[in-house]
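To start, the structure itself, in structure tokens.
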Amino acid sequence: MQELLELQRDKSFRLKLIMVCLAVALSVASIYTVVSYRLAADLVQSTELESLQGQAMLIHGELLIDENATQEEHLKKLVKLVYFDSHLTDSELYIKISGPNLNWSMDHNISLNIKDQLLSELPILNTSPTNMETPNGQTQIDGRLFLWQIVKDNNYQVVIIKTSANIENTLEFVMKRLIITSIIVFWLATWFAITLSSWMNKRVQDKNDSLAHLATHDALTGLPNRLFLSNLLQPIIIDYSDPKHKKYEEFYKKSPKQGCLFVIDLDKFKEVNDTFGHAAGDALLIKVAKKLNEILDDTQTIVRFGGDKFIIWAPNLNIEQAKNLIQQLIIACNEPVMINKLAISTGASIGFAHYPSQATEPDALILCADTAMDEAKQNRSGWSMFSERNIQSGRQRLKLRADLDNAFSNQQIKLHYQPKVSLKDGHIIGVEALARWHHPTDGLLYPIHFIELIEQSGRVQEFGRYVIATAIQQLDVWHKQGLYTPIAVNLSPYNLLDPCLLDFTLSLLKQHNIEENKLEIELIESETSINIDAISKSLNDFKEAGIKLAIDDFGTGMSSLSYISNLNVNHIKIDRTFIDGIDQDDRKQAVVLAVIILAKSFKSNVIAEGIENKFQADKLIEMGCHYGQGYYFAKPMTADKIQTILKANTALPI
Ligand code: C2E
Ligand code: CA
Ligand code: CA
Numbered sequence: 000m001q002e003l004l005e006l007q008r009d010k011s012f013r014l015k016l017i018m019v020c021l022a023v024a025l026s027v028a029s030i031y032t033v034v035s036y037r038l039a040a041d042l043v044q045s046t047e048l049e050s051l052q053g054q055a056m057l058i059h060g061e062l063l064i065d066e067n068a069t070q071e072e073h074l075k076k077l078v079k080l081v082y083f084d085s086h087l088t089d090s091e092l093y094i095k096i097s098g099p100n101l102n103w104s105m106d107h108n109i110s111l112n113i114k115d116q117l118l119s120e121l122p123i124l125n126t127s128p129t130n131m132e133t134p135n136g137q138t139q140i141d142g143r144l145f146l147w148q149i150v151k152d153n154n155y156q157v158v159i160i161k162t163s164a165n166i167e168n169t170l171e172f173v174m175k176r177l178i179i180t181s182i183i184v185f186w187l188a189t190w191f192a193i194t195l196s197s198w199m200n201k202r203v204q205d206k207n208d209s210l211a212h213l214a215t216h217d218a219l220t221g222l223p224n225r226l227f228l229s230n231l232l233q234p235i236i237i238d239y240s241d242p243k244h245k246k247y248e249e250f251y252k253k254s255p256k257q258g259c260l261f262v263i264d265l266d267k268f269k270e271v272n273d274t275f276g277h278a279a280g281d282a283l284l285i286k287v288a289k290k291l292n293e294i295l296d297d298t299q300t301i302v303r304f305g306g307d308k309f310i311i312w313a314p315n316l317n318i319e320q321a322k323n324l325i326q327q328l329i330i331a332c333n334e335p336v337m338i339n340k341l342a343i344s345t346g347a348s349i350g351f352a353h354y355p356s357q358a359t360e361p362d363a364l365i366l367c368a369d370t371a372m373d374e375a376k377q378n379r380s381g382w383s384m385f386s387e388r389n390i391q392s393g394r395q396r397l398k399l400r401a402d403l404d405n406a407f408s409n410q411q412i413k414l415h416y417q418p419k420v421s422l423k424d425g426h427i428i429g430v431e432a433l434a435r436w437h438h439p440t441d442g443l444l445y446p447i448h449f450i451e452l453i454e455q456s457g458r459v460q461e462f463g464r465y466v467i468a469t470a471i472q473q474l475d476v477w478h479k480q481g482l483y484t485p486i487a488v489n490l491s492p493y494n495l496l497d498p499c500l501l502d503f504t505l506s507l508l509k510q511h512n513i514e515e516n517k518l519e520i521e522l523i524e525s526e527t528s529i530n531i532d533a534i535s536k537s538l539n540d541f542k543e544a545g546i547k548l549a550i551d552d553f554g555t556g557m558s559s560l561s562y563i564s565n566l567n568v569n570h571i572k573i574d575r576t577f578i579d580g581i582d583q584d585d586r587k588q589a590v591v592l593a594v595i596i597l598a599k600s601f602k603s604n605v606i607a608e609g610i611e612n613k614f615q616a617d618k619l620i621e622m623g624c625h626y627g628q629g630y631y632f633a634k635p636m637t638a639d640k641i642q643t644i645l646k647a648n649t650a651l652p653i
């Protein structure tokens, strides 16, 4: 549609330009003709007048030198000699000669009326001038031009009035040539106008093209952008049954009958950005974009949709073919890319949707593929095809987002607690607070269902403060019962961007008379785009205030090492993926061992997460890991339940 409009706009612009140029050409030709005609007319008239003067002078001179000339016979001969025998034919002529004893006149073809009218207008001198006077001029009567000449001295006065066929003939002759010349001038001007208009049009077109390219392409990767995609899909995916689209049916006849749209989201892009900086992130995007583009054929289009999200539109592809293409895309995304001399594999989650079976509108198609991509990301399955189930989960997410208000105001989100134990003797060294949403209709919801919603809804700070306040209240309750077990809360790095969070925490601790070291912050850093520099000051302030720090899910995020080297953290929590199967997997043992050695050098304690059985616990003890957490010891439980265990002060079985 956009292109059609552009085309029309373009055409009308060109037409206007040509019209303007033609108008200029016409004006140039007209001005040229009029000016030339006027010049020619003036020239001919002045020449005629000069010749008339010559004739009058000749007659006058004859009167002066020849005595006989004053005789009528002689005068007639003289006039005949000058006029009738030569060029005077159809011209009108009047001659009047007067002098001492002489008053002779003759006319030829001239009517009495005109003669009288002319004579009344002429400056015929009644006085006798001392010097010879020769006034002349021209007068227009009844559309005819009369030239007149008077020659007078103190003896004779000669008056000649005549029309000049010469002028008309000459002007007719000039006019003919002028018309021919002006046609040539007009033609030249038109040719020039059209050449100029096409040149200008081309320049405007070039400028438009480069502006359109800028607007529809991503500056970093050079790939088309979101606007390009919508321009591309709008005409292709169009509902012809809708009467308002009917007129475009011819134009879009070639549009595909089916196609697949893929949404690709890189998995580790944020980590690359955080760890190596934005220049490295940019380099990664450029390389991935190039690799993906190379897989596609000429009919398929890849666009950068924003951030680390790409969209591919593959017309005519059926679902089976789409699955084949997805395999190639996954391989390309998993291939390591060299950034800062390091081979980095980002991986990607890809979702796709089929047109027209799953959606017929461009926005809906993108949404379907995006929802499928979300599912692939959550399940870590690499790729996913859109299905009705995705719609359900999309609807569920929307519903939960709407329910968040109530969750906050009615305190439906509660903290459950999971013990962290000493692997030596099974004693509880602290508990981790894990959020649970006690939803009025959906039952108990786990963080995976709502933490992301909270982050997306802009209520992260509110939630962070809520969790801290709830944990401190719990510490207060336990303190009053003589229980001094520390509580660790999970915070997202976004919370550390809250400039008043530390003051808020410290004033609450003070208010409840609780020591700072009873509160610990577990920082989840793997899924964030926030650079450590942005929050390291805030983390240091917490540390200096006496609040403990732990790095969560260690080993999954790429910035973990920079956190540890920059911050003196109290605990490093090894992610449960390394613990799962550690008793059999040598490589996992090697990683865990390395973390234990690393932690020692930073004087941090290691806590192994997700211990589910005795084998894992034994292996970890054998490797020198002092602390652990997992279902093997206890699952997360309500405050009341864990309070009973804490009160019993018994060691958990190892
Ligand atoms: P996390 O901080 O790594 O918390 C540990 C997660 O592992 C918890 O899941 C816990 O129930 C689970 N877990 C503990 N032991 C085992 C085990 O032996 N095996 C298995 N398979 N899982 C075990 P949960 O409660 O679903 O929490 C998931 C994540 O949600 C947490 O991971 C944390 O990152 C986040 N989260 C939880 N509560 C909060 C919170 O209050 N605020 C924020 N920002 N994030 C939270
Ligand atoms: Ca945690
Ligand atoms: Ca963890």
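Take 0 as the starting number for the sequence shown in numbering that gives the first Met the number 0 and just add one per residue.
A virtual CB, placed ideally from N, CA and C, is assigned to each residue, including glycine.
Is the segment 399-414 touching the segment 621-628, taking contact as three or more C-beta pairs under 8 Å? no
What's the call for Pro-108, buried or exposed, on a 16-neighbour Cβ count within 10 Å? Here residue 108 turns out to be Asn, not Pro, going by the sequence shown. Burial call: exposed.
At a cut-off of 7 Å, would you count Lys-572 as near ligand 3, judging by its Cβ distance to the nearest heavy atom? yes
In three-state DSSP terms, what is Val-158? strand
Indicate the three-state DSSP secondary structure (helix, strand or coil) for Ser-29 in the structure shown. helix
Measuring from the CB of Asp-551, is there a heavy atom of ligand 3 at a distance below 7 Å? yes
Where in the segment 457-524 do unbroken runs of the beta strand (DSSP E), each at least 3 residues long, occur, reported from the N-terminal end onward? 486-490, 518-522
Can you give me the Cβ contacts of Asp-152 inside the same chain, cut-off strictly under 7 Å, excluding the 5 residues immediately before and after it? Pro-128, Met-131
With the cut-off set at 8 Å, would you say Ile-94 and Ile-149 are in Cβ contact? no
Can you list, in chain order, the residues of its chain with a C-beta nearer than 6 Å to that of His-438? Leave out the 5 residues immediately preceding and following it. Leu-444
Return helix, strand or coil for Ser-97, following the three-state DSSP convention. strand
Is any heavy atom of ligand 4 found at a distance shorter than 7 Å from the C-beta of Ile-471? Ligands in the displayed structure: ligand 1, ligand 2 and ligand 3; ligand 4 is not one of them.
Neighbourhood of Ile-523 by C-beta distance below 8 Å, restricted to the same chain and skipping five residues each side: Asn-489, Leu-490, Ser-491, Pro-492, Asp-551, Asp-552
Whole-angstrom distance between Leu-42 and Ile-64, CA atom to CA atom: 33 Å
Of the residues Val-271, Ile-641, Asn-100, which one's Cα is nearest the Cα of Val-336? Val-271
Can you list, in chain order, the residues of its chain with a C-beta nearer than 6 Å to that of Ile-30? Leave out the 5 residues immediately preceding and following it. none
Would you call Lys-79 buried or exposed, if buried means 16 or more other Cβ atoms sit within 10 Å of its Cβ? exposed
Is the beta carbon of Leu-518 less than 8 Å from the beta carbon of Ile-471? yes
For Leu-566, tell me which candidate among Asp-115, Lys-536, Ile-595, Gly-306 has the shortest Cα-Cα distance. Lys-536
Looking at Thr-69: is its Cβ nearer than 8 Å to the Cβ of Leu-117? no
Does DSSP put Asn-315 in a helix, in a strand, or in coil? coil
In chain order, what residues of the same chain have a beta carbon less than 7 Å from the beta carbon of Lys-15, not counting five sequence neighbours either side? none
By how many angstroms is the C-alpha of Asn-494 removed from the C-alpha of Gln-510? 22 Å
Looking at Tyr-354: is its Cβ nearer than 8 Å to the Cβ of Leu-366? no
Ligand 3 heavy atom lying under 7 Å from the CB of Glu-611: no
Under 8 Å, with one C-beta from each stretch per pair, do the segment 213-228 and the segment 300-312 reach the 3-pair mark? yes
Let me check one thing: in DSSP terms, what residues is Ser-383 bridge-paired to? Gly-350
From the DSSP output, read off the bridge partner residues of Asn-135. Gln-148
Taking only the alpha-carbon atoms, compute the straight-line gap between Ala-549 and Lys-340 and give it to the nearest angstrom. 31 Å
Nonlocal neighbours in the same chain, by C-beta distance under 7 Å from Ala-371, ignoring five residues either side: Gly-350, Phe-351, Ala-352, Ser-383, Met-384, Phe-385, Asn-389
By DSSP's criteria, Glu-431 is part of a beta bridge. Which residues make up the other side? Gln-417, Ala-487
Apart from the five residues just before and just after Val-262, which ones in its own chain have a Cβ nearer than 6 Å to its Cβ? Ile-310, Gly-350, Ala-368, Asp-369, Met-372
C-beta contact flag for Ile-654 and Gly-627 at 8 Å: In the structure as shown, the chain begins at 0 and stops at 653. Residue 654 is therefore absent and cannot be evaluated.
For Trp-147 and Leu-121, which I take to be in contact (beta-carbon distance under 8 Å), what is that distance rounded to the nearest angstrom? 6 Å
Tell me which residues share the same chain as Gln-54 and place their Cβ nearer than 7 Å to its Cβ, disregarding the 5 neighbours each side in the sequence. Val-81, Ile-159
Cβ neighbour criterion (16 or more within 10 Å) applied to Gln-44: buried
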